[in-house]
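Residue numbers (the working numbering): 3 to 272. Virtual Cβ for every residue (Gly too), placed ideally from N, Cα, C. These numbers come from a predicted model, not from an experiment. Worksheet for the structure shown next.
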């Protein structure tokens, strides 16, 4: 009995020491396998069955998966998202590459508006130290990253605080966005729905701000890792045809190859 308890404790301090890290890896594993059972997750993550069950319950409560007998499966229609700390760790290497590739589309002197997504945050890290750029953002994490990185000209959008993605949203934020005129918009999205050719997000109060960002930008750049192409979401932002570039990782290449030529040419692979 004592030995079993000690082995459980060892498992609890396995490969991933924090819940956000572990849950991000769990979701990545599920995206690769579509369905998995608890024992496979236990072996993959190096934690106890009890911990896996707690994580599955929490992620199911957020609408990110559906528990089945002995395991879990993904939900294609996303109604809620993981906490920002989990999302930032999910596909982190891909987001870093996407951030670098998207930053290459920005030129000296640009005015750039960035939304609050974790992939937009990766772009902000690449751009913050460029003194000739002017930034507008509704993301508190993006704001902090820009300021810490040395950005000199930063405007912050006010409005209703949205905790799930650390942003401001709603009508006040959308109206404030429309007071600007920028060269480039950097948008993270919850879904690139290739069946309906739509960009989607979880909440209308977030989507309305992103719609306003599209309206005021000369060029619109969507940044999205490969997981965003496997699902849809509640609130429509815009048709894919409304954006100029979709910067993603090589994991999205197979789905892009099946697209019409006018949509395929928008893709940049990092």
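- In this chain, the beta strand (DSSP E) harbouring residue 195 covers 193-195.
- For residue 201, the enclosing beta strand (DSSP E) stretches over residues 200-203.
- Where residue 66 is concerned, there is no enclosing alpha helix (DSSP H), because DSSP gives it neither an H nor an E.
- According to the DSSP assignment, residue 162 belongs to the beta strand (DSSP E) that extends over 162-164.
- Residue 157 has its alpha-carbon roughly 35 Å from the corresponding atom of residue 61.
- Judged by DSSP in its simplified three-state form, residue 93 adopts coil rather than helix or strand.
- Boundaries of the beta strand (DSSP E) around residue 238: 237-241.
- Rounded to the nearest whole angstrom, the CA to CA distance from residue 46 to residue 194 is 28 Å.
- Taking a contact as a CB-CB distance under 8 Å, the pair residue 206 and residue 237 counts as one, their CB atoms being some 5 Å apart.
- Distance from the CA of residue 99 to the CA of residue 230, rounded to the nearest whole angstrom, comes to 16 Å.
- Two segments are said to touch when three or more pairs of C-beta atoms, one from each, lie closer than 8 Å; by this definition the region 133-146 does not touch the region 234-254.
- Note on the region 104-175: whole beta strand (DSSP E) runs with a minimum of 3 residues are 113-116, 136-139, 155-158, 162-164 and 169-171, in chain order.
- At least 9 Å separates the beta-carbon of residue 199 from that of residue 239.
- Following the DSSP letters along the chain, one finds residue 211 inside the alpha helix (DSSP H) bounded by residues 206-218.
- A buried status is given to residue 212, since no fewer than 16 other beta-carbon atoms sit within 10 Å of its beta-carbon.
- At a Cβ-Cβ threshold of 9 Å, residue 33 and residue 49 do not count as neighbours.
- Distance between residue 227 and residue 121, taken at the CA atoms: about 8 Å.
- Taking the Cα positions, residue 163 is about 35 Å away from residue 37.
- Annotation: residue 148 to residue 43 spans about 37 Å, alpha carbon to alpha carbon.
- CA-CA distance, residue 104 to residue 26, rounds to 23 Å.
- Residue 249 carries a strand assignment under DSSP once its states are collapsed to helix, strand and coil.
- Every beta strand (DSSP E) of 3 residues or more that sits fully in the region 14-57 is shown, in chain order, as 37-39.
- With distances taken between CA atoms, residue 136 lies nearest to 155 out of 125, 155, 145 and 146.
- Per DSSP, the beta-bridge partners of residue 187 are 115 and 222.
- DSSP places residue 271 in the strand class (E or B) of the three-state scheme.
- Pairing residue 210 with residue 171 gives a Cβ-Cβ distance under 9 Å.
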